[in-house]
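Novice: full-length UniProt numbering puts the first residue of the sequence shown at 1, with every later residue one more than the last.
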Amino acid sequence: MRVVLRSPHGEVDVEVVVHDPAATVADLAAALAPDVGGGDAVLEVDGCRRERSMRLDECGLRPGCDIAVGADTAASSSRRAPLPPVPSSPAEVRVVGGLAAGARHPLAHGRSVLGRDPACEVVIGGRTTSRRHATIDIGPADGSRLTDAGSTAGTWLDGRRIGGSEPLVPAATAGLGSVLVRVGPPSWREPAVLGPPGPDGRRPLHRPPPLVPLPPVGPVTPPRPDPPPAERPRFAWAAALVPLVGGLVLARLVDPRLALFTLLGPAVLVGQWIEERRRHRRAGSGSRAAGLLGLTTFIADLEQAGAAEADRRHRAHPDPAALGEEIEALGAGLWSRRSGHPAFATVALGAAPALRWEPPTTRAAEGPAASLLAEARLPHGCPVLVPLGPGHHLGVAGPREASLAAARWVLMQLAAHHGPSDLRLGVVCAPGREADWAWGGFLPHVTGCGSSGRRLLGACAGDIGQVAELLAGGTSSHVVMVVDHEGSTRSITPFPEGSAAGPSTLVIGPSRRALAARCTSVLELDGPDGWGRVATGEAGPQPLLATGVTVATARRWARSLASLADPETLDGQAPVPASVRLLDLLDLADLSPAGVRRRWYGSNRGLAIPIGSTGGRDGPETVFLDLVTDGPHALVAGTTGAGKSELLRSLVAGLAVSAPPDRLALLLVDYKGGAAFAEAAQLPHVLGVVTDLGPDEATRALRSLEAELRRREQVLSELGLREIAAHPCHQAGPPPSDVHPLPRIVVVVDELAALVAELPFFLDGLVQLAARGRSLGLHLVLGTQRPGGVVSAAVRANCALRCCLRVPDEADAIDVVGSAAPARLDRRQPGRAFLRRGARDLVEVQVGLVGCRRAADAAPVTVVHAAFGPAPPGPTPDPPATESDLAGLVDACRAAAGRVGATRPRPLWLPP
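1) Mapping the DSSP letters down to three states, classify residue 86 as helix, strand or coil.
2) I want to know whether the stretch 130 to 150 touches the stretch 108 to 115 - three or more CB-CB distances under 8 Å.
3) Just tell me which of 670, 805, 432 and 835 has its CA closest to the CA of residue 747.
4) Tell me whether the beta-carbon of residue 164 lies closer than 8 Å to the beta-carbon of residue 147.
5) So, under 8 Å CB-CB, residue 439 and residue 558 are touching, yes? Tell me the CB distance rounded to an integer number of Å.
6) Among 636, 569, 643 and 582, which one has its Cα closest to the Cα of residue 616?
7) Among 159, 458 and 44, which has the Cα closest to the Cα of residue 354?
8) Expressed to the nearest angstrom, what Euclidean distance is found between the alpha-carbon atoms of residue 108 and residue 143?
9) Contact between the stretch 332 to 341 and the stretch 408 to 419 is defined here as three or more beta-carbon pairs at a separation below 8 Å; is this criterion met?
10) Measure the C-alpha to C-alpha separation of residue 694 and residue 596 and round it to an integer number of angstroms.
11) Bridge partners of residue 803, per DSSP?
12) Taking the alpha-carbon positions, what's the residue 249 to residue 271 distance?
13) Closest by CA to residue 69, which one among 55, 121, 11 and 89?
14) Restricting to Cα atoms, I'd like to know which of 659, 601, 186 and 540 is closest to residue 626.
15) Does the ligand ADP have even one heavy atom less than 7 Å from the beta-carbon of residue 69?
16) May I ask which residues mark the beginning and end of the beta strand (DSSP E) holding residue 144?
17) By Cβ distance below 6 Å, which residues in the same chain neighbour residue 466 in space, the five residues on each side in sequence not counted?
18) Can you check which of these residues, 764, 636 and 662, is closest to residue 699 by C-alpha distance?
19) Who are the near neighbours of residue 239 in its chain, counting only those whose CB is closer than 7 Å to its CB and skipping five residues on each side?
20) Can you tell me whether residue 80 is buried or exposed, with buried defined as 16 or more other CB within 10 angstroms of its CB?
21) Just the C-alpha distance for residue 189 and residue 317, rounded to the nearest angstrom, thanks.
22) Specify the secondary structure class of residue 382 as computed by DSSP and reduced to three states.
23) Which whole-angstrom value is the C-beta distance of residue 864 and residue 14, which I expect to be below 8 Å?
24) For the 8 Å Cβ check, are there 3 or more pairs between the stretch 377 to 387 and the stretch 348 to 363?
25) Closest by CA to residue 520, which one among 784, 899, 389 and 119?
26) Measuring CB to CB, does residue 787 end up less than 8 Å from residue 767?
27) Is the distance from the Cβ of residue 884 to the Cβ of residue 679 below 8 Å?
28) I need the DSSP call for residue 893, collapsed to helix, strand or coil.
29) Consult DSSP for residue 782 and reduce its assignment to one of helix, strand or coil.
30) Would you be able to state if there are at least three C-beta pairs under 8 Å between the stretch 817 to 833 and the stretch 780 to 797?
31) Chain D beta carbons: is any one of them nearer than 8 Å to that of residue 512?
32) CB-CB under 6 Å to residue 632, same chain, minus the five flanking residues each way: which ones, in chain order?
33) For the beta strand (DSSP E) holding residue 167, just list the boundary residues, first then last.
34) Pick from 661, 185, 770 and 758: whose alpha carbon is nearest that of residue 890?
35) Spatial neighbours of residue 886 within its chain, please: CB distance less than 7 Å, with the 5 preceding and 5 following residues excluded, ordered by chain position.
36) Is it true that the CB of residue 402 sits closer than 8 Å to the CB of residue 430?
Dropping the structure here:
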């Protein structure tokens, strides 16, 4: 686990590796001696003094904790004085925007000055913040008021500059240059439900069912466009003039009085025309009023929808101060987003002065409504969101310190909202930039896929290659990789442009041109104060004030999250150990003949032996292998360097200490020159070691085995027994003196492919004999480097017990254990295997080693300085030993056999 060590020499990050579960605080102090100048120092864990006799699993040691080392026992014997009580604050200032966001400052009643001056009651950093920028007055009854103190950059309230004193409401955002703050009462966070600490000190965080996301903003209804205006009434000149002319002619020719009747027609037409114009004016005025009312209502609906959308974004994406409070309090809102959440892997980059958006509508807008819709803006300070889910990549360009601050804020949002089972984080950077990202080593999300414990962190070319291998292994979690290294984007994401496969990336560069072409969103910062623009997809650049956090803030939050474990990762189990000693699994640390005799005759175990260790809910768990119940035959596959021969040696050693020679006989076939079983050949159980077989010798061996099976059938028949397990020599305790031994025979073959290539009929003969030998006590253990073309249908049918270490091809892994997982194992983790016992689930196991010996005085705790890289902290290298565990085990078995009078089993070979 990674912790922070504070001593008189300074502060340093260290990795604490506990080898003995019973280790104490004194053991930890001894391991810290090189860093603190002695092993007698008093330790304080998270400010609490711990007695030296206290066990480490009881002292509060956990990832991310603070270990303080006192100068000596006398100086640290007294308890630290209690801190004075902190009076309750009526309000607090939260820094919610800018590149140093996340801080919270309590306010007292009265006037408080905000600015860069250290003498201010609230110190606000920022290049554009004045030394005494503004004042806040907290009154007992009239609330809070904000007043500009003659600042250079001005004081802004919700986007408008203030000149005098303005009232402050909790939701209002005040701008002090390039820093955004809010003032409100202190809040309380509901704590998360945490389980008991695991073996690594982390506490599983109970993840309740996902919260129902806030519903999207309802659609607005644009007004219908005004109907085209009616044609203005026209005067009927023809209808008026023709009768008038005719009447005037008649009046002159016939009677002048007819002129009066002639004027009546035009008079009627004029009156009708005037009335129609009046109606036209009234209709036009009403239509314009209705249209204006519809637009006014539409504008109000747009503002209401914008306010609702801004509120939804603020709730779904808390500001840095609120998120930091949730992290430090280990609140119930942590890790609440899963892969199906609408906001999965979506982050806020900053606050926009007037963010464009497209509100949903019930129908298409036309006319002035369409123009209003196109110019729709969200309220001032609304978060700008970008996705980082599958297929999405973000580029951050600009001054390095500003870009790093923005990237830290993005990572902390992802780490707080998503659990490691849903999202992983990693960093690859150029050499020399490790210090900028060392804080990320505390995050539980940086551990790679599977149980190897390797981290998605790298700086040099070799580390980046290892990270790429981890990513290529595949994972059910989405991965977001920070690429702070020119030219490494392609090696980390070797997928086509626009592909949803592989990890998303957060690329950092000095300019837009330096970013990867695959970036779907780009945040471009103009200067060190955080102002810039963001472009997402096809949308044009949108101005914003970027949000960021300092290294100290990100480090504090990461250390808080380091103490948590995701119960949905590996089903809540501890990781598989990186190294296991077989003698520890056998409980034979002293390798005494008496201990071997106790295992031989203590119980009737059959052929059940511990073969390795896997991760359990309460720590590593021993994995047992039984050739009788899980077999009767086994297949072991593994490429060169994967640990296949070591597994076979461990299997032989485990069998030898589990049954005496009168119950077990071993026939070892080594087609790699005999080196694999050189030490094991001296076991009293061994019938012989075969390193080379010609056709004649192979035929004689098969005939000998067949004769032995016929003899066993006869012996069991005479005793009235159906199977060898009922024979008296296989019962608990030493066998009766008048009983002839009938041991089980285990034939172990190393490198089956070479045997098949030279003597194909020999394997067929062995398999045929094995099909008959289950009840007669014949068992096969077949090992091969290349399963392809060797594992026939007959072998698969008879070998129900299968173990696959790392193999180069997924097809080989599937052929052996039905899963491609062994092909993705880390080549730097020899002895890691997948075991399938019949129809039971596939189990990942670290095979117990017998090829080395650990010093008896090995330290129960080791401490190493934390390094930026993929390699997990592991045990310190064992000191060189002149004798391996296997050699000591052979000597103990030979001595135990001599004391009980056991002899080598009856030879199988017929004389030539």
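Glycine included, each C-beta is placed from N, C-alpha and C at the ideal position.
Specialist: A quick look at the data gives this:
1) Here residue 86 refers to the residue found at position 86 when the sequence shown is read from its first residue. The predicted position of residue 86 is uncertain, since its pLDDT is 43 and thus under 50; no value can be drawn from it.
2) yes
3) The residue given as residue 747 occupies position 747 in the sequence shown. When each option's Cα is compared against that of residue 747, the closest is 670.
4) On the sequence shown, position 164 is the one that residue 164 refers to. On the sequence shown, position 147 is the one that residue 147 refers to. In contact: residue 164 and residue 147 (Cβ atoms closer than 8 Å).
5) Working through the sequence shown from its first residue, we reach residue 439 at position 439. Working through the sequence shown from its first residue, we reach residue 558 at position 558. Residue 439 to residue 558, Cβ: 5 Å. Contact.
6) As a working note, residue 616 is residue 616 in the sequence shown. When only C-alpha atoms are compared, the closest one is 569.
7) By one-based count along the sequence shown, residue 354 stands at place 354. Here the closest residue by C-alpha is 159.
8) The sequence position of residue 108 within the sequence shown is 108, counting from 1. The sequence position of residue 143 within the sequence shown is 143, counting from 1. Near 12 Å, if we compare the C-alpha coordinates of residue 143 and residue 108.
9) yes
10) Counting from one through the sequence shown, the residue named residue 694 turns up at place 694. Counting from one through the sequence shown, the residue named residue 596 turns up at place 596. Spanning the two alpha carbons is a distance of roughly 37 Å.
11) Walking along the sequence shown from the start, residue 803 turns up at place 803. DSSP, once it has assigned bridges, lists 636 and 835 as partnering residue 803.
12) Reading the sequence shown from its first residue, position 249 is the one you call residue 249. Reading the sequence shown from its first residue, position 271 is the one you call residue 271. Spanning the two alpha carbons is a distance of roughly 24 Å.
13) Walking along the sequence shown from the start, residue 69 turns up at place 69. Checked all of 55, 121, 11 and 89; the closest Cα to residue 69 is 11.
14) Within the sequence shown, the letter at position 626 stands for residue 626. The option with the nearest alpha carbon to residue 626 is 659.
15) Summarising the ligand content, the structure contains no ligands, and the ligand ADP is consequently not present.
16) In the sequence shown, the residue the question calls residue 144 occupies position 144. From DSSP, the beta strand (DSSP E) with residue 144 extends over 144 to 148.
17) As a working note, residue 466 is residue 466 in the sequence shown. Taken in chain order, the residues that qualify are 870.
18) Locating residue 699 in the sequence shown gives position 699, counting from the first residue. Nearest C-alpha to residue 699: 764.
19) Here residue 239 is taken as the residue at index 239 of the sequence shown, counted from 1. Excluding sequence neighbours, residue 239 sits near 269.
20) Locating residue 80 in the sequence shown gives position 80, counting from the first residue. Bear in mind that a pLDDT of 40 at residue 80, under 50, signals an unreliable position, so the number given afterwards is only what the model happens to contain. By the neighbour-count rule (16 or more Cβ atoms within 10 Å), residue 80 is not buried but exposed.
21) If you number the sequence shown from 1, residue 189 lands on position 189. If you number the sequence shown from 1, residue 317 lands on position 317. Roughly 16 Å separates the two Cα atoms.
22) By 1-based counting over the sequence shown, the position of residue 382 is 382. If DSSP states are grouped into helix, strand and coil, residue 382 belongs with the strands.
23) The sequence position of residue 864 within the sequence shown is 864, counting from 1. The sequence position of residue 14 within the sequence shown is 14, counting from 1. That belief holds up - the Cβ atoms of residue 864 and residue 14 are roughly 7 Å apart, short of 8 Å.
24) yes
25) Taking the first residue of the sequence shown as 1, we reach residue 520 at position 520. Among 784, 899, 389 and 119, the Cα nearest to that of residue 520 belongs to 389.
26) Within the sequence shown, residue 787 is the residue found at index 787, counting from 1. Within the sequence shown, residue 767 is the residue found at index 767, counting from 1. No. Outside cutoff.
27) Position 884 of the sequence shown, counted from the start, is the residue given in the question as residue 884. Position 679 of the sequence shown, counted from the start, is the residue given in the question as residue 679. Contact flag set, yes.
28) Stepping through the sequence shown from its first residue, residue 893 is reached at position 893. In the structure shown, residue 893 sits in a helix (DSSP, three-state: H, G or I).
29) The residue given as residue 782 occupies position 782 in the sequence shown. Residue state, collapsed to three classes: strand.
30) no
31) Absent from the structure is chain D; it holds one protein chain and no more.
32) Position 632 of the sequence shown, counted from the start, is the residue given in the question as residue 632. If we look at residue 632 and ignore the five residues flanking it on each side, its Cβ neighbours are 774 and 779.
33) What you label residue 167 is simply residue 167 of the sequence shown in a count that begins at 1. 165 to 168 is the extent of the beta strand (DSSP E) around residue 167.
34) Numbered from its first residue, the sequence shown carries residue 890 at position 890. Measuring from the Cα of residue 890, the nearest candidate turns out to be 661.
35) Residue numbering aside, residue 886 sits at position 886 when the sequence shown is read from its first letter. Contacts found: 649, 653, 679, 680, 850 and 851.
36) Translated into positions along the sequence shown, residue 430 becomes position 430. Translated into positions along the sequence shown, residue 402 becomes position 402. Not in contact: residue 430 and residue 402 (Cβ atoms no closer than 8 Å).
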